[in-house]
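Colleague: The following block contains the structure, expressed as structure tokens.
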Amino acid sequence: MKKYLILFLVLTVMVVYAADFVSPVAGVALVTSSFGEFRGSGNRGPHFHMGIDLSTNMRSGVPILAAADGWLVRIEIDDDDIYGNVVVLEHENGLRTLYAHLSKFSPKLDSIINSVVSEFGKKRIVVNFPTKAFFFNSGEPIGYSGQTGEAAQPHCHFEIRSADESICYDPASFISFSKPKDAAFSVKSLVIDSERYTYTEGRVYQFKDAFPKIAMNAVATLNKNVIGLKTLKLYFNEILVYDINLGEIPLDEFNNVWSVYTNDSVSDGYSYNAWYKLYPDRGTSLVKTNKFAELGKLPSRINVKIVCSDIWNEEYVVKFVVERR
Ligand SMILES: [Zn+2]
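Sequential numbering from 0 applies to the sequence shown in numbering that gives the first Met the number 0.
Right, dumping it as structure tokens:
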């Protein structure tokens, strides 16, 4: 009986959260980058993508909408850093939302922005607002799309953060974005013990040492674009061994990308190749299960299964066999 009550409460909380946020881009919002993707370059070094990118059809000036009723916390006026011009709101559920790469802010902030820019010039300016000074209604424009900061083309970068801004959450857990019809899953390659292979379901690959060190280059593909995965679960002979979950990332792990991605990974604005590291290397809160230390002596032939999910919570299964050399 108790178990059902807890389940009910969990579902209720999830429904309330999900209903709280709307997409910051009106219409059918197309996700062009997912939460937790590898980012290889830029001012702040290799890092995780801490939000999602929504298409504005490569246009600047598209209204970017408050994802829920909320109070203005801060604006960042900034042409050079990765986020460019930023708005941060705080909502009644305690979460904050962040909107980046804006070309312009909401007209109702014009007089404040004009006065701080005339006082401090064009360098980076962060304006923190007193509690409950400026309110935005859900769906009201907080600014307009652009490509300030490190944005190859105009789009909306959108984040959901904890109240103290120590954790970023996958916005796709709060807003259900429509899945394009042509979306698919693709395994580009596998690496097993530093050897690179094409993936064929059921194929037998070789490994050495105590356990196979597997890395997988896999993505969700949509039209000409690719986006990252949300979860990867590795099974040896049907036993869950390793579980990477990119649902939330603490900001103090912003640069801890080598815990989850191998250094073959590339993200340079033109191509995206993310190699998920399916074995422990360095500490991270993104790995929810790690049984490598408890494996003991593995048999010489192992059925490997990798269950992946995308931002639409669709699951895909990768299956092959490894044999010890
Ligand atoms: Zn982004």
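Positions of the beta carbon are idealized from the N, C-alpha and C atoms, including for glycine.
These figures come from a predicted structure and were not determined experimentally.
Where does the unbroken alpha helix (DSSP H) through residue 244 begin, and where does it stop?
Modeller: Taken as a continuous stretch (DSSP letters only), residue 244 belongs to no alpha helix (DSSP H), being part of the beta strand (DSSP E) at 238-244.
Colleague: Please enumerate, following chain order, all residues with a beta carbon closer than 5 Å to at least one heavy atom belonging to ligand 1.
Modeller: Qualifying residues, in the order they occur: 52, 156.
Colleague: Taking 7 Å as the cut-off, decide whether the C-beta atoms of residue 30 and residue 176 are in contact.
Modeller: Contact flag set, yes.
Colleague: The beta strand (DSSP E) with residue 89 in it runs from where to where?
Modeller: Counting along the chain, the beta strand (DSSP E) containing residue 89 begins and ends at 84-90.
Colleague: Rounded to whole angstroms, what is the Cα-Cα separation between residue 56 and residue 183?
Modeller: Each residue's alpha carbon lies about 21 Å from the other.
Colleague: Buried or exposed: which applies to residue 134, given that a residue is buried once 16 or more other Cβ atoms fall within 10 Å of its Cβ?
Modeller: With fewer than 16 other Cβ atoms within 10 Å, it is exposed.
Colleague: Looking only at C-alpha atoms, which of 108, 103, 210 sits nearest to residue 322?
Modeller: Nearest of 108, 103, 210 to residue 322, Cα basis: 210.
Colleague: When burial is assigned at 16 or more other CB atoms within 10 Å of the CB, is residue 217 buried or exposed?
Modeller: Buried, because 16 or more other Cβ atoms sit within 10 Å of the Cβ of residue 217.
Colleague: Rounded to whole angstroms, what is the Cα-Cα separation between residue 307 and residue 266?
Modeller: Looking at the two C-alpha atoms, the distance is approximately 20 Å.
Colleague: When you compare only the Cα positions, how much space is there between residue 300 and residue 320?
Modeller: If you take the alpha carbons of residue 300 and residue 320, they lie about 7 Å apart.
Colleague: Can you tell which of 297, 166, 98, 160 has its C-alpha closest to the C-alpha of residue 141?
Modeller: It is 98.
Colleague: Distance check for residue 67 and residue 75, CA to CA, integer angstroms please.
Modeller: Cα to Cα, residue 75 sits roughly 20 Å from residue 67.
Colleague: Going by Cα to Cα distance, which pick from 95, 151, 155 is closest to residue 161?
Modeller: When each option's Cα is compared against that of residue 161, the closest is 95.
Colleague: Rounding to the nearest angstrom, what Cα-Cα distance links residue 13 and residue 138 in this structure?
Modeller: Unreliable positioning characterises residue 13 in this predicted model, as indicated by a pLDDT of 48, which lies under 50. The coordinate reading is nonetheless provided below. Going from the Cα of residue 13 to the Cα of residue 138 covers about 21 Å.
Colleague: Span of the beta strand (DSSP E) holding residue 308?
Modeller: Counting along the chain, the beta strand (DSSP E) containing residue 308 begins and ends at 300-308.
Colleague: Below 8 Å on the Cβ atoms is my contact criterion, and I expect residue 277 with residue 214 to pass it. Report the Cβ-Cβ distance as a whole number of Å.
Modeller: Contact flag correct, Cβ pair sits at about 6 Å.
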